[in-house]
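**Student:**
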Amino acid sequence: MSSVEDVAPKPRAHGASVANVLNDLAPSDADAPAGQRDTLYADAVRYWRENVESHENEPYPATEFDAEWLPETAGEWVLLVKSSGWKAGTGYGDDYSQYYEQHIMLRERVETDDGVELRKPPLALHVEVMPQYRDLVFKSGDPLECPYGEGTRVVCWTTWAESGSEVERRMYDAIRAVYGDDVLDVARDRNPDSRRVQKAEAHYRFDRDKKGAVVETVEQSKDLVAWGGNSEIDAHQKRVQEGWLEARVESDRWDLLGFADVNFATEVKIYEIPNWHKRPASDPHAHPKIEASFAGADGKLPHVSEWDDAMDHLRTVVATHAHWAGVERADLVSDDFFDGAGAAEWTYHRPTGRREHLRQRYQEVATEVYREALKDSTVAVYDILRVIATETGATYDMLEDRTGLARSTIRYHVARLAREGVVKRLGNPVLVVFVSRDLLERSREILDRARPGRTADDMREDAEDRREDREARDTPSETDEDSDAATDDEAAPQRDEFVYLGDVPETIRDVAVAVYDGRLGDEDVRIRERRLREAPG
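Reading the sequence shown from the start, the letters are residues -11 to 525 in the numbering used here.
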């Protein structure tokens, strides 16, 4: 795909994380006991033992804090410390002794009528201090790897930082404030190659009236990337309040849509806070965000020097999807950290050709809809598609009621249509919908043309006949419920016999996932109720 230079409001940087390794373990200390090693980690542990002393005193208020990058506060900024069990230690078996990582956390201390409160601020800061000693082992006995050398590993998690070096600056400001100015020499000890970006995000907050269009756009991108055939896609959708859809898509092949070919995966998601619908439109938090974020890499994480390139990519993904969804500058919503419609202009390269790409994709899928609707062997699939098209989405209960088909027959065809890219299944209970609004409109036209003489009355009569035929053959037993598959739907499989869980390759977790996504229903899984209710042991 080609691209054009465009101008848009600059998406706001949000969450960020950077890791560094300090090679501050002197060779002469390598064989010394852990408490006698002169490293930042050892100093942090000594501080905890001398001041905090017990986990009952955590989180411990270490010091008041002041830095020029902090916003104004009605109270005081303080740094808290605590420790937590770490992944490695020393010894083996019963002699294994776990090490503890040290944490520094920023809080806002505010006087209230009920006393002093320590509040987690919108500008977050959390620093982790961990050992990097080659004589440490996991509980399994496997050695700890130290790819950037021995000493101390430090990680900072923060928000609203505009550069990787700003994240590092905040981290070292907090470390010095708690442990003292002389506990580290960054210029001397930091391994330059260890400066790695672990997290980066960029987002828009936009008017909630545009959410449906933005969700649709992200869903289309997911579909197009998958259509490229060269990507593993991790996609999540769920139905939320008042029929809105929340979408999240992760892929390492956004270049298939014309974005830069970066060496990391990118996640795009649309989300809002809980109970957003109870807030007035004047509240910024009543409106959703579209966010693009760094989602890991197969090899090395991006270096801090690549921060600007990574953020340009994330901002381009956000601005481009907003453009595709018809989100204008006036639709952006300001909050305490984002200027909304007043955000500064930003120049980027927007991929083009999406409209033609979508047209080709939906033409291909529309052909599949037409082929399914015209099958000579059965009208069952036509009826399923007709209900989904008429109702703009249908549950299994609705499909069962309106078509008269057995639920397992419906599930079979829905799963097959989903594999063909015609429909998708959302939420629990499952809502079956066409994969896009474009395909929904095309399918309505196709279904009208495919069987022009089939009326709603015909569908009602056939549904009743199917139910009566099934009742006449037998009671609604587990074995016979699906017998209409042979008469009305030759493509549907015959009912399988029940088997023990141990006789199939799937795990109990696989079964749970299949129940959740609708491949298995209430009539597909049996349990022994008495055994289930027995006390363990």
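Glycine included, each C-beta is placed from N, C-alpha and C at the ideal position.
Who are Q351's beta bridge partners in DSSP?
**Tutor:** In the sequence shown, counting from the first residue as 1, residue 351 sits at position 363. Paired residue(s): none; Q351 is not in a bridge.
**Student:** For A190, name the three-state secondary structure that DSSP assigns.
**Tutor:** One-based indexing of the sequence shown puts residue 190 at position 202. Strand.
**Student:** Report the partner residues of W36 according to the DSSP bridge assignment.
**Tutor:** In the sequence shown, the residue the question calls residue 36 occupies position 48. Paired residue(s): none; W36 is not in a bridge.
**Student:** Pick out the complete alpha helix (DSSP H) segments inside the segment 378 to 448, 4 residues or longer, and give them in chain order.
**Tutor:** 384 to 391, 395 to 407 and 425 to 438
**Student:** Return the Cβ separation of E150 and A1 in integer angstroms, given the expectation that the two are a contact with Cβ distance under 8 Å.
**Tutor:** Along the sequence shown, one-based indexing puts residue 150 at 162. Along the sequence shown, one-based indexing puts residue 1 at 13. 6 Å between Cβ atoms; contact.
**Student:** Since V(-5) and W334 should fall inside the 8 Å C-beta cutoff, what is the C-beta to C-beta distance between them, to a whole number of angstroms?
**Tutor:** The count along the sequence shown starts at 1 and reaches residue -5 at position 7. The count along the sequence shown starts at 1 and reaches residue 334 at position 346. With a Cβ gap of about 7 Å, V(-5) and W334 count as contacting.
**Student:** So T147 and L10 are in contact, right, with Cβ under 8 Å, and what is the actual spacing, rounded?
**Tutor:** By 1-based counting over the sequence shown, the position of residue 147 is 159. By 1-based counting over the sequence shown, the position of residue 10 is 22. So it is not a contact: roughly 24 Å between Cβ atoms.
**Student:** Please report the straight-line C-alpha distance between R157 and P268, rounded to a whole angstrom.
**Tutor:** Reading the sequence shown from its first residue, position 169 is the one you call residue 157. Reading the sequence shown from its first residue, position 280 is the one you call residue 268. If you take the alpha carbons of R157 and P268, they lie about 38 Å apart.
**Student:** Hey, A4 and Y192: beta-carbon distance below 7 Å or not?
**Tutor:** For the purposes of this step, residue 4 is taken as residue 16 along the sequence shown, with counting starting at 1. For the purposes of this step, residue 192 is taken as residue 204 along the sequence shown, with counting starting at 1. Not in contact: A4 and Y192 (Cβ atoms no closer than 7 Å).
**Student:** Give me, in chain order, the residues of the same chain whose beta-carbon lies closer than 7 Å to that of V375; leave out the 5 immediate sequence neighbours on both sides.
**Tutor:** Residue mapping note: residue 375 aligns to position 387 of the sequence shown, counting from 1. Cβ neighbours of V375 beyond the five flanking positions: A382, M386, L387, R390 and T391.
**Student:** Look up N8 in the DSSP assignment and say whether it is helix, strand or coil.
**Tutor:** The residue labelled residue 8 in the question sits at position 20 within the sequence shown. Note: N8 maps to strand in three-state DSSP.
**Student:** Touch check for the segment 352 to 369 and the segment 185 to 202: three-plus C-beta pairs under 8 Å?
**Tutor:** no
**Student:** Among H43, D19 and L94, which one has its Cα closest to the Cα of T51?
**Tutor:** As a first step, residue 51 is located in the sequence shown; it is residue number 63 there, counting from the start. Looking at the Cα atoms, L94 is the closest of the given residues.
**Student:** Classify P135 as helix, strand or coil using the three-state DSSP reduction.
**Tutor:** Indexing the sequence shown from 1 puts residue 135 at position 147. P135 falls in the coil class under three-state DSSP.
**Student:** Taking only the alpha-carbon atoms, compute the straight-line gap between L67 and D161 and give it to the nearest angstrom.
**Tutor:** In the sequence shown, residue 67 corresponds to position 79, counting from 1. In the sequence shown, residue 161 corresponds to position 173, counting from 1. Looking at the two C-alpha atoms, the distance is approximately 11 Å.
**Student:** Please report the straight-line C-alpha distance between G63 and P49, rounded to a whole angstrom.
**Tutor:** On the sequence shown, position 75 is the one that residue 63 refers to. On the sequence shown, position 61 is the one that residue 49 refers to. Straight-line Cα distance between these residues: approximately 15 Å.
**Student:** If you compare alpha carbons, which of Y384, N251 and G415 is closest to H401?
**Tutor:** Residue mapping note: residue 401 aligns to position 413 of the sequence shown, counting from 1. Nearest C-alpha to H401: Y384.
**Student:** Using only the alpha-carbon positions, how far apart do P59 and P(-1) sit?
**Tutor:** Here residue 59 corresponds to residue number 71 of the sequence shown, with the count starting at 1. Here residue -1 corresponds to residue number 11 of the sequence shown, with the count starting at 1. So the alpha carbons of these two residues sit roughly 21 Å apart.
**Student:** According to DSSP, which residues form a beta bridge with Y88?
**Tutor:** Counting from 1 along the sequence shown, the entry for residue 88 is found at position 100. G73, per the DSSP bridge assignment.
**Student:** Let me know the secondary structure DSSP gives G3 once reduced to three states.
**Tutor:** Here residue 3 refers to the residue found at position 15 of the sequence shown. Reduced to three states, the DSSP call for G3 is strand.
**Student:** Would G287 be called buried (16 or more neighbouring beta carbons within 10 Å of its own) or exposed?
**Tutor:** Residue numbering aside, residue 287 sits at position 299 when the sequence shown is read from its first letter. So G287 counts as exposed.
**Student:** With C-beta atoms as the reference, is V410 less than 7 Å away from V321?
**Tutor:** Here residue 410 refers to the residue found at position 422 when the sequence shown is read from its first residue. Here residue 321 refers to the residue found at position 333 when the sequence shown is read from its first residue. Contact flag unset, no.
**Student:** Hey, V117 and T340: beta-carbon distance below 7 Å or not?
**Tutor:** Position 129 of the sequence shown, counted from the start, is the residue given in the question as residue 117. Position 352 of the sequence shown, counted from the start, is the residue given in the question as residue 340. Cβ atoms of V117 and T340: not closer than 7 Å.
**Student:** Rounded to whole angstroms, what is the Cα-Cα separation between L106 and P47?
**Tutor:** Your numbering for residue 106 matches position 118 in the sequence shown. Your numbering for residue 47 matches position 59 in the sequence shown. Each residue's Cα considered, the two are about 10 Å apart.
**Student:** Could you spell out the range, first to last residue, of the beta strand (DSSP E) harbouring T335?
**Tutor:** Residue numbering aside, residue 335 sits at position 347 when the sequence shown is read from its first letter. Counting along the chain, the beta strand (DSSP E) containing T335 begins and ends at E333 to P339.
**Student:** Can you tell me whether DSSP reads E46 as helix, strand or coil?
**Tutor:** Against the sequence shown, residue 46 aligns to sequence position 58. It is coil, neither helix nor strand.
**Student:** What number of angstroms, rounded off, separates the C-alpha of V499 from the C-alpha of R399?
**Tutor:** Residue 499 sits at position 511 when you count from the first residue of the sequence shown. Residue 399 sits at position 411 when you count from the first residue of the sequence shown. When rounded, the distance between both Cα atoms is 15 Å.
**Student:** Whole angstroms are fine: how far does the CA of A307 sit from the CA of P(-3)?
**Tutor:** Numbered from 1 along the sequence shown, position 9 holds the residue referred to as residue -3. Numbered from 1 along the sequence shown, position 319 holds the residue referred to as residue 307. The alpha-carbon atoms of P(-3) and A307 are separated by roughly 8 Å.
**Student:** Can you name, in chain order, every residue of its own chain whose Cβ lies under 8 Å from the Cβ of R164, other than the five neighbours on each side?
**Tutor:** Here residue 164 refers to the residue found at position 176 of the sequence shown. So the list reads V171 and L172, once near-sequence residues are dropped.
**Student:** Given 8 Å as the limit, is there contact between the segment 119 to 128 and the segment 256 to 272, that is, 3 or more CB pairs closer than that?
**Tutor:** no
**Student:** Which residue comes first and which comes last in the beta strand (DSSP E) that contains L531?
**Tutor:** No statement about residue 531 is possible, as the shown extent of the chain runs from -11 to 525 and does not include it.
**Student:** Look up T205 in the DSSP assignment and say whether it is helix, strand or coil.
**Tutor:** Taking the first residue of the sequence shown as position 1, residue 205 is located at position 217. Looking at T205 - three-state DSSP - the assignment turns out to be helix.
**Student:** According to DSSP, is D31 helix, strand or coil?
**Tutor:** Position 43 of the sequence shown, counted from the first residue, corresponds to residue 31. In the structure shown, D31 sits in a helix (DSSP, three-state: H, G or I).
**Student:** Can you tell which of D130, R455, R432 and D181 has its C-alpha closest to the C-alpha of Y136?
**Tutor:** For the purposes of this step, residue 136 is taken as the residue at position 148 of the sequence shown. Considering only alpha carbons, the answer is D181.
**Student:** How would you call Q208, buried or exposed, if buried means at least 16 neighbouring beta carbons within 10 angstroms?
**Tutor:** Taking the sequence shown and counting its residues from 1, one reaches residue 208 at position 220. That one is buried.
**Student:** Secondary structure at H275, three-state DSSP: helix, strand or coil?
**Tutor:** As a first step, residue 275 must be located in the sequence shown, where it is residue number 287. Reduced to three states, the DSSP call for H275 is coil.
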